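So the sequences go chain by chain: A and B.
First residue of the first sequence: 1, per this note's numbering; consecutive thereafter.
First residue of the second sequence: 1001, per this note's numbering; consecutive thereafter.
Just below is one structure, and these are the notes that go with it.
Number of protein chains: 2
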Amino acid sequence: MTVLTSMQNQPLVAPNNSPMPDNIPGPSFRPLYDQIKILLTQSLIAGEWKPGEAIPSEMDLAARYQVSQGTVRKAIDALAGDNILIRRQGKGTFVATHTEPKHQYRFLRIIPDKGSKDKVHPTTNFIDVKRGKASAEVARALDLKVGAPVTALRRVLVFAGTPIILDEIVLSSVLFPNLTLEKISESRGSIYSFLETGYGLRMIRAEERLRAMAADAAAAAYLLVAEGTPLLCVDRIAFTYGDKPVEWRRGLCLTDGYSYYNELA
Amino acid sequence: MTVLTSMQNQPLVAPNNSPMPDNIPGPSFRPLYDQIKILLTQSLIAGEWKPGEAIPSEMDLAARYQVSQGTVRKAIDALAGDNILIRRQGKGTFVATHTEPKHQYRFLRIIPDKGSKDKVHPTTNFIDVKRGKASAEVARALDLKVGAPVTALRRVLVFAGTPIILDEIVLSSVLFPNLTLEKISESRGSIYSFLETGYGLRMIRAEERLRAMAADAAAAAYLLVAEGTPLLCVDRIAFTYGDKPVEWRRGLCLTDGYSYYNELA
DNA sequence: GAGTGGTCTAGACCACCCC
DNA sequence: GGGTGGTCTAGACCACTCT
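Here it is, written out as structure tokens:
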């Protein structure tokens, strides 16, 4: 068990009740709730609690870490703010999952221009799944060596009968072995939901870079537009626990009746 | 003074020490810290504390509202999370302002493809300022009547010597009277900083919609590219306190060496 | 009713800033 | 040294969920 160092009050004792050493707070001070947050994250990485499951109650965790409920609370608040945990009053605190309908398209920012800002659930047409080697761009994004084995998936997202997005999704073949079109097609739901249940890897956050570009022949064919049509190019890197990049994706999006919506705070 | 209704404990008393009425919690329960947050926001709207100034200390506010420091703390935490207040340990809590260098380009998401993710500060070339009437699109965005008087400003943002963004910024002439090219040019700093100091209206948040489109003749001329070049079109509505829309803006962005960066959580 | 998260309080002490 | 925000605790009670 890790020994936590508090900022004040009685020194904490490890579960074995050995007295705390004289601990100088150290050069870089870390609040207790931050340390608890890290411990909780480690338990999540270790798979102690799986996506969708409940973690122990605040009182139980407080007892386990020998801190007050309020301190555990603050750690959980932070993780809930990062969409890693979900609190449900009267029921418990749960590990977030992409499988829940509410989080199904958590990272999709394309919405119709007309109507409310409610997200529309598109349908998916898969094109193919291929094995290949990491390009320089993909290698840089996923922290792989150039030429490392990767699996590339292509699909079209159809909104209200109209093909809107052509996605190319690249994953390390080492982390995600034996991906086939069949397995992906069978899995109802989002890619992330499939990766989560199939490989136990949960996407925590993502970075996107957007550009405008002209449709090439392939994109034009899949999106049923003329070559040269301006498309929104959305490059995404998605990360699991520990800021480890595990997915590279390029979406080419027809912004005709649809747009990329973003809130700035 | 507003009477706050607590969820528990002794009923609170108004400053005049009149006893609280028997208050049924009511159909929709509101935590105390939420009510405090609203009161603080109202004070901000009323201009009780101006941008850049310090608000009273947590202890003072706790005394003013007759609640504990912890409750005030939670209200301030929420406002700080919304970038409306800024906490500075040892100094106090301050009203956020666009004038600080750190928040100068708070809403600008265009960054260079190469190099770190540090923001680059562009230089501004103003084109013109014109009076006009609100189009249907602007009227809808700013909650005005079609044809209402508006002031439109155009400018080019230059990154490292290259013109990258052509902006058209539309504001209500009623809310922002007597805008002239001279006054804006003189004001060093961002538009929002200028509006804040000149009109006392602070931008709190913004919504953006992104599309890809081909450059028209005007855009091509200002951005020094061929007509038809794919550009990133960024439509923005910016809001002040109370979710009141006060600025409509369309940025046409050359995504050549630069891209729109976004973090998804 | 028991158990969970959510609110609120009161008080102690720490870290930072400035006089 | 005194003020400010930041951390941590202990305890009380409320709101929600399930049984």
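Glycine residues also receive a C-beta, built at the ideal position from the N, C-alpha and C atoms.
Remember, it's a predicted structure, so these values are computed and weren't measured experimentally.
- Spatial neighbours of B/Gln1104 in its own chain (CB-CB distance under 6 Å, excluding positions within 5 residues in sequence) are listed in chain order as Ser1190.
- Taking 8 Å as the upper bound for CB-CB distance, A/Leu223 and A/Tyr260 are not in contact here, some 16 Å apart.
- For the segment 241-260 of chain A, the residues whose beta carbon sits under 9 Å from a beta carbon of chain B are, in order, Cys253, Leu254, Thr255, Asp256, Tyr258, Ser259 and Tyr260.
- If you look at A/Phe94, you'll find it in the beta strand (DSSP E) that goes Gly92 to Val95.
- Residues of the segment 192-224 of chain A with a Cβ closer than 7 Å to any Cβ of chain B, in chain order: Arg205, Ala206, Glu207, Glu208, Arg209, Leu210, Arg211, Ala212, Met213 and Ala214.
- DSSP, reduced to helix, strand and coil, places A/Glu137 within a helical segment of the structure shown.
- Note that the segment 190-204 of chain A does not touch the segment 1195-1214 of chain B; fewer than 3 beta-carbon pairs, one per stretch, sit closer than 8 Å.
- In this chain, A/Phe194 is not harboured by any beta strand (DSSP E); it is covered by the alpha helix (DSSP H) spanning Ile191 to Tyr199.
- A/Ile164 and A/Ala134 have their C-alpha atoms roughly 26 Å apart.
- B/Thr1240 is the residue among B/Thr1240, B/Asp1256 and B/Pro1245 whose C-alpha sits nearest the C-alpha of B/Ala1046.
- A direct Cα-to-Cα measurement between B/Val1067 and A/Arg106 gives close to 38 Å.
- Cβ contact annotation for A/Thr99 (same chain, cutoff 6 Å, sequence separation greater than five): Ser193, in chain order.
- Sequence-ordered contacts of the segment 1102-1122 of chain B with chain A read Phe1107 [C-beta pairs closer than 7 Å].
- The residue from A/Lys37, A/Asp60, A/Ala141 and A/Asn125 with its alpha-carbon nearest to that of A/Ile184 is A/Asn125.
- In the three-state reduction of the DSSP assignment, A/Tyr222 falls in the helix class, which pools H, G and I.
- Leaving aside the five residues that flank A/Tyr199 on each side, the residues in its chain whose CB is nearer than 6 Å to its CB run, in chain order, Phe176.
- Out of B/Arg1087, B/Thr1097, B/Gly1251 and B/Gly1257, the CA that lies nearest to the CA of B/Arg1202 is found in B/Thr1097.
- Relative to B/Thr1197, the option among B/Ala1152, B/Arg1064 and B/Gly1052 whose CA is nearest is B/Gly1052.
- Beta-bridge partners of A/Gly132 (DSSP): A/Val150.
- The distance from the Cβ of A/Asp113 to that of A/Gly251 is about 18 Å, inconsistent with a contact at the 8 Å cut-off.
- Cα atoms of B/Ile1076 and B/Pro1101: separation of roughly 23 Å, rounded to the nearest angstrom.
- Judged by DSSP secondary structure, B/Gly1251 falls within the beta strand (DSSP E) whose first and last residues are Lys1244 to Cys1253.
- Going by beta carbons, B/Val1170 and B/Val1150 fall inside the 9 Å limit.
- Selection A/Ile237, A/Glu263 and A/Asn178 evaluated against A/Arg140 yields A/Ile237 as nearest (Cα-Cα).
- The beta-carbon of B/Asp1034 is placed no less than 9 Å from the nearest beta-carbon of chain A.
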